[in-house]
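Student: Have a look at this one before I ask anything.
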Amino acid sequence: HVRQLYALVVETLRYSPVLEKLLAGAALLQAEKKLPPQLAKVLVYDLLFGKGLKCGGRWKALVRRHRARLEAELARLKVQQKVSRNEDLLAPAQAASAGASQVPRYIRVNALKTCVDDVIDFFKRQGYSYLGKAASVEELRALSGKKFLSDLHLPELLVFPPQTDFHDNLLYTSGHIILQDKASCLPAFLLSPAAGSHVIDACAAPGNKTSHLAAILQNKGQIFAFDVDTKRLATMNTMLMRAGVTGFQLAQQDFLTVDPRDPRYSKVTYILLDPSCSGSGMVSRVPREEAAPSAERLQALAGFQRKVLSHALSFPALHRLVYSTCSLHREENEDVVHAVLQEWGSAFRCNGCGGTQCGVLRGLALTPVPHCRLVNAFPSWPCRGLAAFPGAESCLRASPADTLTHGFFVAVLWHTWERVLPSCSLPVAAEDNLQHREGVEPGAAPKKRKRKKQRVK
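If you want it as structure tokens, here you go:
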């Protein structure tokens, strides 16, 4: 039970200032002089905030003798601070790190090995109470004890109270369930590749999203997964094998060095891109203070993210791409998407006329060029992109406060081909004059001239 002990110590540290007040108010250390202060904190946390003193022996009996006094002191402290929840006793710094304790435990049912109904029945037999499908985020927030729900957005997700531990559960160790935050499930869910498709997971390790893609594909198709870290790829390979994933190729390679024209990727129609980021949206279960990334660090990350997103869009058969980060910063999210859309938008235009008019008017052959647009993904999702550019609300955001998940950003891009003239030297003004001479409004199709009929003598 190493993980449970670790979680107990972490939570005790987070509540340390509150526990010190409780110990002083209840005069516990004065009454029990042989009780070490740090051990007292752990025992009191488990008694009042945890699972109710699972330990045995004399320490349990000792602390339980003071239970009434400790509970009365806790109630007095809440009244004094005018709060009703234990979490509200935490100072702002601790409250910010309390996100981990408020985010539910999400498990994704691995459709490659089982189904949602069978997993629900399994947990029922283990003594859990199934409450059906959640109707709101508030229902997820209210979960406690051995109760669980189906998620209100993603059908393959089950939701349990925070701190529920499944690392030793048979379903987890056998790969039937995946411990994965809800926000982390959004990229593969929104990419939604059709069975039989070829898919790239550009920055794949540790592999949860890759296994999710395989489940959506029903193991029919091909997944190309790239990462630069050898150890992470080895761990990922083990996880994918345990999850029953087939039809995948792992490559220790920087995605930026992958040639889009390589015949191996000629059928790649879907790309999931979750590049390195600041990680500012990740809710830590370990209390620590982290400095916000500097402006220079954010600009460096954003530069890399723009580069890798633009590279991903250059794959010739691409239809749909999902770009995601676990960052809260606009610089890594909306600004990156906007910059790449603008970059590709300018590349789609001819040198002079800015569209297809020239080719139509001159009767010249047109060449296909890529066109990229932002998709209004998952309209029912409550949190949208920041208003950084027109259409940014098509992006998705997630946060512990609003969606009870880690902080996340997702954008869905649709990639198509349009036929335009490969190069046009005719200036815009000259093109407009030509249209007017032909009696055509700018932007309209040219009118055909009627030939005069010759009289037969």
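Going by UniProt numbering, the residue at position 196 of the sequence shown is 196; the numbering climbs one at a time, nothing skipped. C-beta: ideal position from N, C-alpha, C; glycine also. Remember, it's a predicted structure, so these values are computed and weren't measured experimentally.
Below 7 Å CB to CB, which residues in the same chain sit around Asn237 once its five sequence neighbours on both sides are set aside?
Tutor: Leu250
Student: Rounded to a whole number of angstroms, what is the C-alpha to C-alpha distance between Asn376 and Gly391?
Tutor: If you draw a straight line from the Cα of Asn376 to the Cα of Gly391, it comes to about 8 Å.
Student: Would the beta-carbon of His198 fall within 8 Å of that of Val268?
Tutor: yes
Student: Given Phe123, which residues of its chain have a CB within under 8 Å of its CB, disregarding the five upstream and five downstream residues?
Tutor: Tyr130, Phe148, Leu158
Student: Please state whether the Cβ-Cβ distance between Ala111 and Ala215 is less than 8 Å.
Tutor: Contact flag set, yes.
Student: Helix, strand or coil for Leu426 per DSSP?
Tutor: A caution first: Leu426 carries a pLDDT of 33, below 50, which makes its placement in the model unreliable, though a value can still be read off. Correct three-state label for Leu426: coil.
Student: In angstroms, rounded to a whole number, what distance separates the CA positions of residue 486 and Tyr6?
Tutor: Because the chain in this structure spans residues 1 to 457, residue 486 falls outside the shown range and cannot be described.
Student: Kindly indicate which three-state DSSP category Thr246 falls into: helix, strand or coil?
Tutor: coil
Student: Specify, as a first and last residue, the run of the beta strand (DSSP E) that Thr269 falls within.
Tutor: Segment 268-273, the beta strand (DSSP E) holding Thr269.
Student: Identify, in the order they occur along the chain, each residue of the same chain with its Cβ nearer than 7 Å to the Cβ of Ala388, setting aside the five sequence neighbours on each side.
Tutor: Arg330, Glu334, Asp335, His338
Student: Are the beta-carbon atoms belonging to Gly281 and Ser211 less than 8 Å from one another?
Tutor: no
Student: Mind listing, in chain order, the continuous alpha helix (DSSP H) runs of no fewer than 4 residues lying wholly within the stretch 275-332?
Tutor: As for any alpha helix (DSSP H) of minimum length 4 sitting wholly inside the stretch 275-332, the runs are 295-312, ordered along the chain.
Student: Taking the alpha helix (DSSP H) that Asp262 belongs to, which residues open and close that run?
Tutor: Run containing Asp262: none; DSSP gives neither H nor E here.
Student: Between which two residues does the beta strand (DSSP E) carrying Gly132 extend?
Tutor: 129-133
Student: Could you pull out every residue in the same chain whose Cβ sits closer than 6 Å to the Cβ of Gln253, ignoring the five residues on either side in sequence?
Tutor: Phe226
Student: What's the gap between the Cα of Phe160 and the Cα of Ser84?
Tutor: 22 Å
Student: Give a yes or no on whether the C-beta atoms belonging to Asn208 and Ile177 are separated by under 8 Å.
Tutor: Going by C-beta atoms, Asn208 is not nearer than 8 Å to Ile177.
Student: Helix, strand or coil for Arg141? Go by DSSP, reduced to three states.
Tutor: helix
Student: Taking 8 Å as the limit between beta carbons, can you name the residues of its chain near Leu298, skipping five residues before and five after?
Tutor: Ser278, His329, Glu331, Glu332
Student: Quick check: what's the CA-CA separation for Gln80 versus Leu62?
Tutor: 27 Å
Student: For the putative contact between Leu321 and Leu313, defined by C-beta atoms under 8 Å, what is the C-beta separation to the nearest angstrom?
Tutor: 7 Å
Student: Look up Trp59 in the DSSP assignment and say whether it is helix, strand or coil.
Tutor: helix
Student: Going by C-alpha distance, which of Gly385, Thr403, Ala72, Thr405 is nearest Val412?
Tutor: Gly385
Student: If we count the other Cβ atoms within 10 Å of its Cβ and call it buried at 16 or more, is Ser266 buried or exposed?
Tutor: Ser266 should be labelled exposed.
Student: Quick check on this structure: which residue in Ala72, Cys185, Arg125, Gly132 has the alpha carbon closest to the alpha carbon of Leu154?
Tutor: Cys185
Student: Quick one: Cα of His415 to Cα of Leu396, how far?
Tutor: Leu396 has its alpha-carbon roughly 19 Å from the corresponding atom of His415.
Student: Our contact map puts Val283 next to Val103 with C-beta atoms below 8 Å; I'd like the distance itself, whole angstroms only.
Tutor: 6 Å
Student: Anyone know if the C-beta pair for Glu73 and Leu22 falls short of 8 Å?
Tutor: Less than 8 Å separates the beta-carbon of Glu73 from that of Leu22.
Student: Assuming Leu396 is part of the alpha helix (DSSP H), what are its boundary residues?
Tutor: Run containing Leu396: none in the alpha helix (DSSP H); it sits in the beta strand (DSSP E), 396-398.
Student: Between the beta-carbon of Ala183 and the beta-carbon of Ala401, is there less than 8 Å?
Tutor: no
Student: Run the CB neighbour count on Gln305, radius 10 Å, all protein chains shown included, and call it buried at 16 or more, exposed below.
Tutor: buried
Student: Taking the alpha carbon of Ser136 as the reference point, which residue from Leu404, Phe409, Val18, Val410 has its own alpha carbon closest?
Tutor: Leu404
Student: With a threshold of 16 other CB atoms inside 10 Å of the CB of Leu19, please say whether the residue is buried or exposed.
Tutor: buried
Student: In whole angstroms, give me the CA-to-CA distance for Pro275 and Leu170.
Tutor: 32 Å
Student: Relative to the C-alpha of Phe224, which candidate in Ile107, Pro206, Asp201, Arg232 has its C-alpha closest?
Tutor: Its Cα nearest to that of Phe224, the residue Asp201 stands out among Ile107, Pro206, Asp201, Arg232.
Student: Is it the case that the Cβ atoms of Gln180 and Arg108 are separated by a distance below 8 Å?
Tutor: A contact, by the Cβ cut-off of 8 Å.
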